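Protein chains in written order, with the UniProt record's numbering: chain U, 1 to 746; chain R, 1 to 746.
C-beta atoms are modelled at their ideal positions from N, C-alpha and C, and glycine is treated no differently.
On a predicted model such as this, the values are computed, not experimentally measured, just so you know.
Below is one structure, written out as structure tokens; comments come after it.
Protein chains: 2
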Amino acid sequence: MQCVKVLGGVLGAAALLGLGIILGHFAIPKGTDLPAPSASASQDLDLEILEAVMGQLDADRIRENLRELSKEPHLATSPRDEVLVQLLLRRWQDPESGLDSAGTSEYEVLLSFPSQKQPNRVDVVGPAGGILFSSQRSEENLTGEQGDPNVVPPYAAYAPPGTPQGLLVYANRGSEEDFMELYQQGIKLQDSIVLTRYGGVGRRAKAVNAAKYGVSGVLVYTDPADINDGKSLPNETFPHSWGLPPSGVERGSYFEYFGDPLTPYLPANPSSFRLDSDNASGFPPIPTQPIGFKDAEVLLCNLQGASAPAAWQGALGCDYKLGPGFRSDGIFPAGSQVNVSVYNRLELRNSSNVLGIIRGAVEPDRYVLYGNHRDSWVHGAVDPSSGTAVLLELSRVLGTLLKKGTWRPRRSIVFASWGAEEFGLIGSTEFTEESFSKLQERAVAYINVDISVFANATLRAQGTPPVQSVIFSAAKQIRAPGPSSLSIYDNWIRYSNRSSPVYGLVPSLGTLGAGSDYAPFIHFLGISSMDIAYTYDRGKTSARIYPTYHTAFDTFDYVDKFVDPGFSSHQAVARTVGSVLLRLSDSLFLPLNVSDYSETLRSLLQAAQQDLGGLLEQHNISLGPLVTAVEKFEEAATVLGQHISALQKGTPDPLQVRMLNDQLMLLERTFLNSRAFPEERYYSHVLWAPRTGSVATFPGLSNACSKAMNTGPRSAAWAEVQRQLSILVVALEGAAATLRPVADLW
Amino acid sequence: MQCVKVLGGVLGAAALLGLGIILGHFAIPKGTDLPAPSASASQDLDLEILEAVMGQLDADRIRENLRELSKEPHLATSPRDEVLVQLLLRRWQDPESGLDSAGTSEYEVLLSFPSQKQPNRVDVVGPAGGILFSSQRSEENLTGEQGDPNVVPPYAAYAPPGTPQGLLVYANRGSEEDFMELYQQGIKLQDSIVLTRYGGVGRRAKAVNAAKYGVSGVLVYTDPADINDGKSLPNETFPHSWGLPPSGVERGSYFEYFGDPLTPYLPANPSSFRLDSDNASGFPPIPTQPIGFKDAEVLLCNLQGASAPAAWQGALGCDYKLGPGFRSDGIFPAGSQVNVSVYNRLELRNSSNVLGIIRGAVEPDRYVLYGNHRDSWVHGAVDPSSGTAVLLELSRVLGTLLKKGTWRPRRSIVFASWGAEEFGLIGSTEFTEESFSKLQERAVAYINVDISVFANATLRAQGTPPVQSVIFSAAKQIRAPGPSSLSIYDNWIRYSNRSSPVYGLVPSLGTLGAGSDYAPFIHFLGISSMDIAYTYDRGKTSARIYPTYHTAFDTFDYVDKFVDPGFSSHQAVARTVGSVLLRLSDSLFLPLNVSDYSETLRSLLQAAQQDLGGLLEQHNISLGPLVTAVEKFEEAATVLGQHISALQKGTPDPLQVRMLNDQLMLLERTFLNSRAFPEERYYSHVLWAPRTGSVATFPGLSNACSKAMNTGPRSAAWAEVQRQLSILVVALEGAAATLRPVADLW
């Protein structure tokens with residue numbers, strides 16, 4: 001999982017509820033003979049098959065998958081990564097439990113690695129030039145796995161090489177506001193080294209913001225306050241708990257975009273046009289290196305200067321000062337500097353995707369895709385193997401039904417194991433670039449399960465509105481793991497909910513950012529997408545993410561002992577995803593409830609009216625056309641819903657159903673505009689592009705208003721507001737047109 | 001018709017052939033009862049219906065349509081244009097012969113008109129400042145129609161206002177080469193007025209090229225050598241023949257792009273974001289005015305200086321000199337200058353499209369579109385009313401069958417009457433911008449018939465390869481007009497043919513430029529498109545286009561007497577288009593022969609290999625991946641063709657046919673890449689974008705090679721060659737993927 005902010009957005013109130021319905025009596029023994037599949041045009045979801053699949057998804061097998069997948073470090077393109085490619089291929093080609101076909105596709109992509117000969121290092125250099133302190137080059141070997149020679153030392157992928165040296169300054173999270181604060185306090189930043197902590201802003205942003213102030217090098221660490229609920233002692237952390245050990249270091253990609261850096265919009269085939277790496281953009285501007293909090297403590301707790309603001313303080317057990325430089329009564333002599341030596345290098349490497357297909361019986365040209373990445377930073381038990389372990393179990397169960405001749409889905413199912421996600425969703429992005437047309441024509445939905453289990457409290461799902469209903473349907477019919485007898489749905493609603501004007505209280509579906517491989521599918525291709533996992537009780541931890549994220553402590557034992565003992569949460573995710581996948585691939589009518597977009601559009605519109613209406617009015621910009629467009633969408637969606645209900649009551653003609661399903665499938669595509677955000681690579685979806693503006697409304701409008709706000713009335717920035725508004729109106733009108741009766745006059 | 005070069009490209013050898021097969025016994029009387037339509041999923045083309053339609057298409061009714069349509073000038077957005085909107089609506093809403101529904105859509109678009117108060121003028125000003133000669137402000141009233149107060153005086157639409165004055169220089173066609181020649185001959189161009197003749201390069205290009213040399217004003221005329229086969233006397237021209245009278249002036253749009261100039265990529269709705277007209281691009285840089293050859297003769301035959309090169313000479317009966325300025329022994333005193341006074345102004349106007357729909361019985365969500373523009377420069381009998389007269393007759397015949405309950409097509413048919421085409425394909429472009437998603441999802445093909453009859457010799461068709469076969473099928477079954485008993489196809493092959501590696505000798509299908517409303521459909525949306533007309537015997541005339549093009553002499557009588565007496569060519573076009581339309585809308589299997597793209601790709605590839613291979617090799621750029629991609633396409637197309645043949649022999653499942661038809665329909669879309677040509681507005685089709693490079697191969701590659709040729713090996717221009725090659729390879733691989741079996745593994 002490539003992650004800036006995994007959490008946030010979906011955390012609602014957790015309310016104690018009464019008993020839910022007891023569901024999910026998955027008692028059908030393996031091997032039960034089910035009726036042979038019929039390939040009639042009216043083939044619909046078979047609840048017996050669904051129940052069989054639910055029953056056959058096996059927690060122990062998921063556990064064994066995970067053990068195998070996380071046995072060794074499998075950094076993208078490493079030998080072990082290739083071993084896992086073969087493992088996936090073997091599984092998907094198994095004559096008893098495999099798919100119709102499986103294969104690999106390879107791309108030549110630009111990755112970044114630390115030098116083996118010259119390890120990256122962080123030193124404190126005394127006034128006389130002697131090295132007074134050096135950061136740990138690797139994590140402590142607490143469980144044996146950390147000593148594996150294939151553990152990649154901590155580094156900031158794509159950070160440029162360099163050996164800057166200067167006085168140390170503490171810069172909190174390295175946000176624009178943080179540097180502004182330092183600047184206003186008169187802290188000299190020019191030629192300094194800044195120490196920042198993970199969180200708040202993206203990895204690369206810390207270096208970008210720093211470089212604007214003349215900073216020459218950046219350190220990044222994880223504060224125990226942000227990851228361990230404050231705990232920092234060795235005996236409070238892994239292997240004694242799930243906490244991050246003091247030597248643990250979060251690796252990560254510091255690349256701004258996603259996809260191969262040298263081949264934007266083109267698949268990274270060997271013959272493809274490549275930018276010179278000098279012309280590639282999106283890398284951090286200055287050397288950057290992550291360190292553990294044990295090392296950070298030594299640096300931070302010896303700083304001089306004013307105390308950092310209260311919000312900047314952490315859990316390292318000292319008062320965090322700002323610097324610059326170390327205090328004279330600390331362990332380093334006054335004038336000591338910090339040297340950051342980064343020897344990362346860029347390398348073209350071959351990275352593989354593995355793809356497996358179950359051919360649809362009735363509509364083989366409609367694809368339901370389900371994928372996860374394969375590469376990890378180290379052993380990657382949670383990230384991404386917890387997802388792949390589920391993927392393999394689900395493909396085994398479905399493959400077995402297939403090979404027995406018991407079942408063949410109505411539509412085709414595509415399983416995918418993406419390469420090089422950790423470097424920036426590279427495998428999945430190259431795939432979407434290569435298969436752009438085919439996917440735009442035929443993809444029904446993309447399901448992503450990266451980290452399948454963060455923790456055992458509740459389901460967490462992110463997606464665009466049309467997938468809400470199918471996830472809810474699945475979640476209602478599966479029992480939540482653990483002692484409660486609630487359904488996953490009823491458990492979920494206790495942890496995270498919202499009040500829907502249409503449905504009343506429902507679980508909160510989160511929105512899709514760019515944290516995993518769904519990003520190119522939704523943002524670049526406009527394919528309805530979702531990401532599913534089991535996650536925390538936010539009443540019990542405020543950790544940014546699970547503590548050993550991207551460290552050498554994310555191992556099988558970590559999962560087995562602390563994350564999901566018994567693997568019942570893994571099983572719950574497998575069932576949820578299995579049910580969603582079967583519903584999407586087998587239902588006669590696609591279970592994409594497009595009218596759920598009405599609620600989203602109305603709420604984005606209301607935010608625009610409330611928080612931007614006055615400002616826009618002052619500039620003679622009317623929201624009227626946007627209001628009309630939203631109304632048109634709502635009306636078209638309502639009428640279409642009625643049409644579907646009517647059809648479902650009769651015995652609809654297969655072509656009628658196909659036409660209707662095409663409307664449902666293609667709706668998400670209508671929100672794409674490749675010219676809407678020329679500065680945003682791949683982002684074309686006018687509803688889900690990144691929002692930097694302060695108002696939580698349509699991103700193009702919000703961002704443009706933020707930029708225009710302090711400009712004159714005839715500025716280019718105000719013209720851009722109007723352009724964004726028009727782009728939005730055209731997209732919504734186009735979406736409504738796609739939903740209206742297909743022979744309606746223009 | 002908005003036209004730079006209407007002819008060219010499709011002119012093959014005309015060979016005398018023996019007798020063809022006698023076809024087209026269209027003897028079914030009007031009103032014959034045909035069987036009632038069956039809306040079964042297997043509904044296929046009904047040859048009886050086809051024959052009935054052929055028989056009912058009536059030359060006299062086309063003639064009456066034309067008389068009504070061309071009765072008065074109907075410049076875009078003029079009151080008469082609105083009258084015709086109502087006429088079309090009435091016809092399409094007629095209870096006996098109308099369509100299922102009809103309506104209008106209005107756009108607020110930027111047009112350019114001459115001032116009524118201050119007429120544009122071209123004067124010769126003597127050394128003392130007196131006006132010695134003035135050009136005609138309007139065409140001579142030879143037949144009564146030219147005196148209509150609604151005749152718009154000749155002007156260059158979108159040329160900026162201004163009153164430049166200077167010595168006159170003759171600049172041939174105003175091409176880059178022409179100005180280079182003048183420059184090399186030492187002719188002073190700075191502050192001059194240049195006289196150019198139509199043809200060779202686009203209208204605006206003359207002004208753009210001139211402005212680069214400091215020219216301050218441009219005159220454009222039509223030389224009798226280029227339009228009248230040399231004839232220039234009043235009694236040799238209309239109304240005595242079809243020739244252009246000496247006072248005739250070609251009007252036209254001098255706008256570079258197509259679509260509304262202020263709303264690129266957005267529909268020009270009243271609320272849409274608009275560029276400031278100062279920020280709009282694509283207008284001519286300097287005042288420009290067209291004049292007749294009678295006026296041009298006075299100017300040109302009095303020039304002094306060296307004789308123009310032989311290729312620059314025309315048919316005005318004097319030796320064309322270059323200038324600058326007039327010869328002292330001519331009718332103007334030495335030092336006389338030419339003053340060009342242009343008072344054009346830009347205006348936002350409401351322009352309407354009229355749309356009519358016949359709802360498909362089986363697949364209402366598949367659209368076959370058939371359109372033409374409605375607006376003319378003056379009476380517009382040939383351009384565009386000859387096309388609209390055919391459109392109305394075909395919609396009447398089909399509407400009558402529909403209203404009688406005799407027939408309903410399998411797919412929906414959309415009839416369109418576009419507004420403001422003459423200003424730059426504005427109505428059709430705005431339509432494609434507004435309906436982008438719906439059309440991309442559902443449009444099967446776009447048929448354009450603008451000028452339906454240029455002359456009576458032969459069919460002329462332009463289109464992308466998949467439409468070749470359906471046009472051939474139609475043309476083979478209809479008798480050519482005139483005394484011969486050949487089919488349209490057999491007649492066509494005599495005038496224009498090529499040797500196909502697959503089929504042997506076949507008529508030449510021309511390629512689509514941007515001369516009429518098909519442009520946004522093919523270039524922007526990737527919808528297989530075609531343009532159909534009857535045209536000249538190139539052995540009999542070398543006219544650039546029909547002589548009264550865009551003048552006040554393009555009247556009903558002109559057509560009735562000279563272009564198509566008896567209207568049998570109009571009828572032939574109506575039958576051809578009717579047959580194509582019915583085949584596309586009614587055939588169970590879409591009659592789009594995608595494998596005809598193989599031949600095109602192979603020939604473009606061969607040109608690249610032959611004419612660029614060496615150059616590319618020198619720069620270490622391999623055509624290998626392109627060769628492979630073309631081979632993959634060929635193979636996929638062949639296999640798909642076999643699959644179709646096999647299916648056609650059995651009784652295929654309706655869903656199977658639908659899936660296959662989706663492949664055929666969507667193939668053209670796979671060639672789009674919105675990022676391929678960032679400097680070309682709307683052009684996204686990687687095979688049919690404008691080619692400026694000298695090698696007749698894939699346009700992106702050809703253009704990039706032309707630019708790179710004289711740059712260093714590591715230039716950005718060579719990187720662009722590689723980028724274009726990759727874009728092409730990805731598109732072709734994507735196209736092949738769309739044609740391959742739909743459940744094939746990636």
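DSSP places residue 553 of chain R in the coil class of the three-state scheme, outside both helix and strand. The C-beta of residue 329 of chain R has fewer than 16 other C-beta atoms within 10 Å across all chains shown, which makes the residue exposed. The alpha-carbon separation between residue 569 of chain R and residue 472 of chain R amounts to approximately 17 Å. Buried is the label assigned to residue 474 of chain R, since at least 16 other Cβ atoms lie within 10 Å of its Cβ. With fewer than 16 neighbouring CB atoms inside 10 Å of its own CB, residue 614 of chain U falls in the exposed class. Its chain contains 254, 256, 284 as the residues whose beta carbon lies nearer than 6 Å to that of residue 204 of chain R, once the 5 sequence neighbours on both sides are disregarded; these appear in chain order. Residue 446 of chain U sits buried, since 16 or more C-beta atoms from the chains shown fall within 10 Å of its C-beta. Nearest C-alpha to residue 449 of chain U among U:481, U:515, U:438, U:486: U:515.
Going by C-alpha positions, residue 73 of chain R is about 44 Å away from residue 666 of chain U. In the DSSP assignment, residue 709 of chain R falls outside any beta strand (DSSP E) and carries neither an H nor an E. Per DSSP, the beta-bridge partners of residue 507 of chain U are U:497. Non-local beta-carbon contacts of residue 521 of chain U in its own chain, meaning distances under 6 Å to residues more than five positions away in sequence, involve 446, 527, 529 in chain order.
Of all alpha-carbon atoms in R:428, R:178, R:589, R:590, the one lying nearest the alpha-carbon of residue 310 of chain R is that of R:178. Taken atom to atom, the span from the alpha-carbon of residue 57 of chain U to that of residue 574 of chain U is near 7 Å. Among the residues facing chain U, residue 412 of chain R is included, as its CB has a counterpart in that chain under 7 Å away. Interface with chain R (7 Å Cβ-Cβ cutoff): residue 452 of chain U is excluded. Per DSSP, the beta bridge partners of residue 321 of chain U are U:307. Contact between residue 95 of chain R and residue 403 of chain R holds, with the beta-carbon distance rounding to 7 Å and staying under 8 Å.
For residue 370 of chain R, no chain U residue has a Cβ inside 7 Å of its Cβ, as the nearest lies near 14 Å away.
Counting along the chain, the unbroken alpha helix (DSSP H) around residue 399 of chain R starts and ends at 387–404. Within its own chain, the residues whose Cβ lies closer than 6 Å to the Cβ of residue 469 of chain U, once the five positions on either side in sequence are excluded, are 593, listed in chain order. Residue 734 of chain U: member of the alpha helix (DSSP H) spanning 716–739, first to last residue. Sequence-distant Cβ neighbours of residue 543 of chain R in its own chain, meaning closer than 6 Å and more than five residues away, are 227.
In the three-state DSSP reduction, residue 55 of chain U falls in the helix class (H, G or I). In this structure, DSSP gives residue 520 of chain U a helical state, which the three-state scheme calls helix. Cβ-Cβ distances below 7 Å link residue 200 of chain U to 173, 175 in the same chain, with the five nearest sequence neighbours on each side left out; the list follows chain order.
Here residue 633 of chain R carries a helix assignment [DSSP, helix/strand/coil].
Residue burial is scored here from C-beta neighbours: residue 206 of chain U has at least 16 other C-beta atoms within 10 angstroms and is therefore classed as buried. Taking CB atoms only, residue 280 of chain R has no neighbour in chain U less than 7 Å away. If you look at residue 422 of chain U, you'll find it isn't in any alpha helix (DSSP H); DSSP assigns it neither H nor E. Taking 8 Å as the upper bound for CB-CB distance, residue 69 of chain U and residue 84 of chain U are in contact here, some 7 Å apart.
Between the beta-carbon of residue 659 of chain U and that of residue 365 of chain R there is about 5 Å, and that keeps the pair under the 8 Å contact cut. The beta-carbon distance between residue 264 of chain U and residue 740 of chain U, rounded to whole angstroms, is 36 Å. This is too long to meet the 8 Å contact definition. DSSP places residue 427 of chain U inside the alpha helix (DSSP H), whose first and last residues are 426–434. The beta-carbon of residue 734 of chain R is placed less than 7 Å from the nearest beta-carbon of chain U. Restricting attention to beta strand (DSSP E) runs no shorter than 3 residues, the segment 128–152 of chain U encloses them at 131–134, ordered along the chain.
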